[in-house]
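Q: Protein chains in written order, with this note's numbering: chain A, 1 to 143; chain B, 1001 to 1143. For every residue, glycine included, the Cβ atom is placed at its ideal position computed from N, Cα and C. All figures in this text were calculated on a predicted structure; none of them were measured in a lab.
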DNA sequence: TCCATTTTTTGGAATGAGTCAAGAATATGG
DNA sequence: CCATATTCTTGACTCATTCCAAAAAATGGA
Ligand SMILES: [Mn+2]
Ligand SMILES: [Mn+2]
Ligand SMILES: [Zn+2]
Ligand SMILES: [Zn+2]
């Protein structure tokens, strides 16, 4: 398990000031999986009851910009954050309940796909979202 | 070019009632490319000056649900709509100016990618968004 | 063509994720 | 411990989108 000291070191390693909101937010993102801001606020407030929602938004932006957390924004969902960074993995989203699961990337680094015609763009990332139904929501799962 | 009658037939073919807002919105989506709702309202009001924004939202939802238009929601952008449907094509988005261009799908039908591990989901679509910089925003383009 | 029924549109209010801004608090390096 | 820059708090605010109830329009049949 990761300790407060580890999170402080991660922040210093990213040249970010170590503040209690940032430690609490980074810890919350590590404790959760693909959580939205509201859930992160809730968990962060277990450690730091009075932290403002604005401080959480600011922290998440700083952490995401520094690459300590990853922000994903599946269409139709609010922003979500995860601690698994740097492996260019993808996601599968349930059309019914919104559940999100990780899908490993066969390549492991970006961009993992090449566009047939790049329309003059310089492409540095290929983001893949798989859509479907989770086990509970699929016809078979719904016994 | 596509005429009003064609749009009416498209609506009937999709079992949708033919209303002036829907015809105007469908026509506007055909006239534009990856347009957001505001732009569509503007063009629809050239034909139908008093159409409410709510009618446009409702029409877009009905058209998208019927498969007559496609809704794309790149992270960080409002919803956008296009008339090119059914070919499972993808998009490249400029990180700097938000410009969107089409990228043909080599497969042409969904799902065009297979997940290494589907986490128990029944996957029916793989949505790909290529991220990068358009010619104007790329270092080379910015002479 | 007129009616009855159902669906859609209107006009306005509400929602909610996220941002802005000014002053108070805090982290950091010396 | 101080000076300074950064961050946090508080509260207002934005803006895309949705909700709602009453009015209007589309449709299929008489
Ligand atoms: Mn993930
Ligand atoms: Mn397109
Ligand atoms: Zn599900
Ligand atoms: Zn650009």
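1. So is residue 1062(B) in contact with chain A if we call contact Cβ pairs under 9 Å?
2. When Cβ atoms are compared, which residues of the region 1123–1138 of chain B fall closer than 7 Å to chain A?
3. For the region 80–106 of chain A, list every residue whose C-beta sits within 9 Å of some C-beta in chain B, in sequence order.
4. Out of 95(A), 66(A), 87(A), point me to the one whose CA is closest to residue 102(A)'s CA.
5. Spatial neighbours of residue 66(A) within its chain, please: CB distance less than 7 Å, with the 5 preceding and 5 following residues excluded, ordered by chain position.
6. Closest to residue 57(A) by CA distance: which of 49(A), 81(A), 77(A) is it?
7. Since residue 131(A) and residue 95(A) are thought to touch, with beta carbons under 8 Å apart, how far apart are those beta carbons, to the nearest angstrom?
8. Say yes only if the C-beta of residue 133(A) is nearer than 8 Å to one or more non-hydrogen atoms of ligand 3, and no if none qualify.
9. Could you name the residues of the region 1041–1068 of chain B whose beta carbon sits closer than 9 Å to any beta carbon of chain A, in the order they occur along the chain?
10. Quick check: the Cα distance between residue 1008(B) and residue 41(A), rounded to an integer number of angstroms?
11. Roughly how far, in whole angstroms, is the beta-carbon of residue 119(A) from the beta-carbon of residue 1092(B), given that I think they are within contact range, below 8 Å?
12. If the cut-off is 8 Å on Cβ atoms, which residues from the region 1107–1119 of chain B count as contacting chain A, listed in chain order?
13. Using the rule of at least 16 other Cβ atoms within 10 Å of the residue's Cβ for burial, across every protein chain shown, is residue 49(A) buried or exposed?
14. Going by beta-carbon coordinates alone, are residue 1011(B) and residue 1026(B) separated by less than 9 Å?
15. With distances taken Cα to Cα, identify the nearest neighbour of residue 1122(B) among 100(A), 127(A), 122(A).
16. What ranges does the alpha helix (DSSP H) occupy inside the region 48–110 of chain A, keeping only unbroken runs of at least 4 residues that lie completely in it?
17. Going by the C-beta, is residue 1125(B) closer than 8 Å to any heavy atom of ligand 1?
18. To the nearest angstrom, report how far apart residue 1108(B) and residue 1069(B) are at their CA atoms.
19. Is residue 1040(B) close to ligand 2? I mean its beta-carbon at under 8 Å from any heavy atom of the ligand.
20. If the cut is a Cβ gap below 8 Å, which residues of chain A does residue 1073(B) touch?
21. Do you know how far the Cα of residue 1(A) is from the Cα of residue 1038(B)?
A: According to the data block:
1. Against chain A, the CB of residue 1062(B) has no partner CB under 9 Å away; the residue lies outside that interface.
2. For chain A, the residues of the region 1123–1138 of chain B that bring a beta carbon within less than 7 Å of one of its beta carbons are 1123, 1124, 1125, 1126, 1127, 1128, 1129, 1130, 1131, 1132, 1133, 1134, 1135, 1138, in chain order.
3. Within the region 80–106 of chain A, the residues whose Cβ lies closer than 9 Å to some Cβ of chain B are 90, 92, 93, 94, 95, 99, 101, 102, 103, 104, 105, 106, listed in chain order.
4. Checked all of 95(A), 66(A), 87(A); the closest Cα to residue 102(A) is 87(A).
5. Counting only Cβ-Cβ distances below 7 Å, and skipping sequence neighbours, we find 14, 16.
6. Nearest of 49(A), 81(A), 77(A) to residue 57(A), Cα basis: 81(A).
7. Right, the Cβ-Cβ distance comes to about 6 Å (below 8 Å), so this counts as a contact.
8. It does: the Cβ of residue 133(A) is within 8 Å (strictly closer) of some heavy atom of ligand 3.
9. Closer than 9 Å at the C-beta level to chain A, one finds no residue of the region 1041–1068 of chain B.
10. Rounded to the nearest angstrom, the gap between the Cα atoms of residue 1008(B) and residue 41(A) is 49 Å.
11. The distance from the Cβ of residue 119(A) to that of residue 1092(B) is about 6 Å, consistent with a contact at the 8 Å cut-off.
12. Within the region 1107–1119 of chain B, the residues whose Cβ lies closer than 8 Å to any Cβ of chain A are, in chain order, 1111, 1113, 1115, 1116, 1117, 1118, 1119.
13. It is exposed - the Cβ of residue 49(A) has fewer than 16 other Cβ atoms within 10 Å.
14. Remark: C-beta atoms of residue 1011(B) and residue 1026(B) approach each other more closely than 9 Å.
15. Of the candidates 100(A), 127(A), 122(A), the one whose C-alpha sits nearest the C-alpha of residue 1122(B) is 100(A).
16. Listed in chain order, the alpha helix (DSSP H) runs fully inside the region 48–110 of chain A are 53–66, counting runs of at least 4 residues.
17. No, ligand 1 has no heavy atom inside 8 Å of this Cβ.
18. About 17 Å.
19. Answer for residue 1040(B): no, Cβ out of range of ligand 2.
20. Those within 8 Å of residue 1073(B) in chain A are 75, 76.
21. So the two alpha carbons sit approximately 48 Å from each other.
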